[in-house]
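Asker:
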Amino acid sequence: MPRAGAQPPAVHHVERLRPRRRGPHTARRSFDRLRLDRGPAHQVSARSLKRLLVAGGAGFIGSNFVRLLRSTRPEIEITVLDKLTYAGNPANLAEFEGQRGYRFVKGDICDDGLVDQLAGGVDAIVNFAAETHVDRSLLDPFAFVETDVRGTAVLCVAARKHGHEVFL
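Structure representation (structure tokens):
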């Protein structure tokens with residue numbers, strides 16, 4: 003139940019880039035783009051994002067995302083939050099250590115206080131943090147629920163609390 007006086011959530015709609023084809027592989031062929039809107043006069047622009055929190059940024063996909071941003075948009079300040087489990091490797095981000103506009107924080111996305119503190123200093127949150135190895139999920143399913151469900155919820159709550167319009 004939304005709190006009294008709380009802002010309504012952003013309205014999501016999909017803008018079709020090309021017509022959808024019919025067939026068994028439709029999902030792979032359709033190129034849809036999600037646009038956040040709060041009315042005709044308000045759009046979130048990637049150019050307006052100056053400070054990002056990248057959760058799980060020391061993993062394979064997260065570190066390549068950070069590398070892409072640092073090479074194409076060096077003006078963006080990036081804070082990487084990573085627990086450095088089996089999937090995270092600090093060597094993936096070693097080239098950015100000491101660079102202006104880059105900060106690494108070792109921590110857990112399930113830590114409400116830490117996430118809240120970090121989310122207060124950024125414009126958007128990008129989440130790559132996840133337990134992903136299927137074999138490990140069979141041995142300890144609750145670790146997956148903790149990170150993949152509760153951790154994502156902690157990030158979402160912090161994003162909403164701080165008024166972030168972009169959560170990826």
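For the sequence shown, our numbering assigns the number 3 to the initial residue and increments by one for each residue that follows. Every residue gets a Cβ at the ideal spot worked out from N, C-alpha and C, and that includes glycine. Note that the structure is a prediction, hence the values are computed from the model and not measured.
Given that a residue counts as buried once 16 or more other Cβ atoms are within 10 Å of its Cβ, and exposed if not, what is Ala155?
Answerer: Classification of Ala155: exposed, given that the 10 Å Cβ count is below 16.
Asker: Is Lys85 helix, strand or coil by DSSP?
Answerer: Lys85 falls in the coil class under three-state DSSP.
Asker: Considering only residues of the same chain and omitting the five flanking positions on each side of Gly41, which have a CB-CB separation below 7 Å?
Answerer: Its pLDDT being 46, under 50, Gly41 is placed unreliably by the model, and the measurement read from it follows with that caveat. Within the same chain, Gly41 has no close Cβ partners at all.
Asker: State the Cα-Cα distance for the pair Cys112 and Asp84, rounded to the nearest angstrom.
Answerer: C-alpha separation (whole angstroms): 11 Å.
Asker: Less than 6 Å between C-beta atoms, sequence neighbours within five positions excluded: which residues of the same chain meet that for Gly109?
Answerer: So the list reads Leu83 and Leu116, once near-sequence residues are dropped.
Asker: When you compare the CB positions of Leu55 and Val128, do they come within less than 9 Å of one another, or not?
Answerer: Cβ atoms of Leu55 and Val128: closer than 9 Å.
Asker: Measuring CB atoms only, is the stretch 122-137 touching the stretch 93-109, in the sense that at least three cross pairs come out at less than 8 Å?
Answerer: The stretch 122-137 is not in contact with the stretch 93-109.
Asker: Between the C-alpha atoms of Thr149 and Gly58, what's the straight-line distance to the nearest angstrom?
Answerer: If you take the alpha carbons of Thr149 and Gly58, they lie about 11 Å apart.
Asker: Please state whether the Cβ-Cβ distance between Arg138 and Ala145 is less than 9 Å.
Answerer: Yes, these two residues count as a Cβ contact at 9 Å.
Asker: Quick check: the Cα distance between Asp142 and His135, rounded to an integer number of angstroms?
Answerer: Near 11 Å, if we compare the C-alpha coordinates of His135 and Asp142.
Asker: Could you pull out every residue in the same chain whose Cβ sits closer than 6 Å to the Cβ of Arg105, ignoring the five residues on either side in sequence?
Answerer: Once the five neighbours on either side are set aside, the close Cβ partners of Arg105 are Thr81.
Asker: Quick check: the Cα distance between Leu38 and Cys158, rounded to an integer number of angstroms?
Answerer: With a pLDDT of 42 at Leu38, under the threshold of 50, the modelled position of that residue is not reliable, and the figure given next carries that caveat. If I take the Cα positions, the gap works out to 16 Å.
Asker: Looking at the unbroken alpha helix (DSSP H) that takes in Phe144, where does it start and where does it end?
Answerer: Its alpha helix (DSSP H) spans residues Pro143 to Phe146.
Asker: If I measure Cβ to Cβ from Phe161 and keep anything under 7 Å in the same chain, skipping five residues before and after, which residues do I get?
Answerer: Correcting the residue identity first, residue 161 is Ala in this sequence and not Phe. Excluding positions up to five away in sequence, the list reads Ala121, Ile127 and Phe169.
Asker: Looking at the unbroken alpha helix (DSSP H) that takes in Ile2, where does it start and where does it end?
Answerer: Outside the displayed span of the chain (3 to 170) sits residue 2, for which this structure offers no information.
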